[in-house]
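One point on numbering: in the working numbering, the residue at position 185 of the sequence shown is 257, and numbering is uninterrupted.
By construction, the Cβ of each residue, glycine as well, lies at the ideal position given by its N, Cα and C atoms.
These figures come from a predicted structure and were not determined experimentally.
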Amino acid sequence: MRLLFVIGHLGDYHVPRYEALLRLAASRGDELFLTEVYGRSGVYTFPQTRRAAFFARSPAQLVTLENDLTDTGGRRLRIACRLARVVRNFQPDVVVTLGYNTSYSLLLCILRHTSRRFSLIYMSDSKADDGRRSPFKEWLKRILVRRFDGALVAGQRHRAYAQTLGIPLERSRVGFDVIDVAQFSRLAEEARASDPEIRRLYGLPRRYVLCVSRFIARKNVDVAVDAFA
73 MRLLFVIGHL GDYHVPRYEA LLRLAASRGD ELFLTEVYGR SGVYTFPQTR
123 RAAFFARSPA QLVTLENDLT DTGGRRLRIA CRLARVVRNF QPDVVVTLGY
173 NTSYSLLLCI LRHTSRRFSL IYMSDSKADD GRRSPFKEWL KRILVRRFDG
223 ALVAGQRHRA YAQTLGIPLE RSRVGFDVID VAQFSRLAEE ARASDPEIRR
273 LYGLPRRYVL CVSRFIARKN VDVAVDAFA
């Protein structure tokens, strides 16, 4: 099977997930090709060392469509032409894309229904209770989403939401937004084995709460701070 994976920008936290997909594809004898639309992130301005190491190894089966452009967008016509060329040259059996309403996902949906040569799967972590939903917007989403062949989502509530948008349960799977549990377990064991040194190195008190999150309102970081206080 030939699998095309399309993402806006492959950040540090995407790399281990994609590497796991590479290993799985190799074990099954599948051919995997990565298409990154934007070479820079418009959100994460810090150095992305894991991404840099991944690209330094220069895997053969990947391409970045616009190296000097951020994922905030731009050059849509040129990107559309280049992405269409990738699809035409690679001739995938399955295309997996991030989201259903990004510019590149919309183009892939058009290509899917004009060529009918591949199955199209979108990845999403949206669920019904993320915020207030507009009936009109949800109607528009249903028109779009039901044109995809399947969905890879973050949990059961996300599957249920995808179902309301037109993806039957038998065509959705949980597996998006996963983490490398083995790696975190190993690092935690190493930290516990050197507890005094680690606490001294990072100035950690005896008891503390760790919150890893973006500092935006909907992440409710203030609730975590209030709970600790």
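- At a Cβ-Cβ threshold of 7 Å, A234 and A223 count as neighbours.
- The Cβ neighbour count for S177, taken over all protein chains shown within 10 Å, is at least 16; the residue is labelled buried.
- Per DSSP, the continuous alpha helix (DSSP H) segment holding R229 begins and ends at Q228 to T236.
- Around the beta carbon of I79, 16 or more other beta carbons sit within 10 angstroms, so the residue counts as buried.
- According to DSSP, G222 shares a beta bridge with I193.
- Beta-bridge analysis with DSSP links S244 to A223.
- Taking a contact to require three or more Cβ pairs closer than 8 Å, the stretch 92-104 and the stretch 258-268 do not qualify as touching.
- Residue burial annotation: L149 is exposed, with fewer than 16 other C-beta atoms found within 10 angstroms of its C-beta.
- Looking at the DSSP output, I79 sits in a beta bridge with E108.
- Assignment of D249 by DSSP, reduced to helix, strand and coil, places it in the coil class.
- For L137, no pairing in a beta bridge is given by DSSP.
- In the DSSP assignment, the residues bridged to E103 are R74.
- Burial check for M195: the Cβ neighbour count within 10 Å reaches 16 or more, so the residue is buried.
- Around the beta carbon of Y274, fewer than 16 other beta carbons sit within 10 angstroms, so the residue counts as exposed.
- Burial check for D143: the Cβ neighbour count within 10 Å reaches 16 or more, so the residue is buried.
- At the C-beta level, K199 and R160 stay beyond 7 Å of one another.
- DSSP places V295 in the uninterrupted alpha helix (DSSP H) bounded by V293 to F300.
- Residue range T121 to A128 is occupied by the alpha helix (DSSP H) that includes T121.
- Contact between the stretch 99-117 and the stretch 206-214 is absent: fewer than 3 CB-CB pairs across the two stretches fall below 8 Å.
- DSSP places T186 in the helix class (H, G or I) of the three-state scheme.
- Boundaries of the beta strand (DSSP E) around V166: V166 to L170.
- Straight across, the Cα-Cα distance linking G146 with Y110 is about 10 Å.
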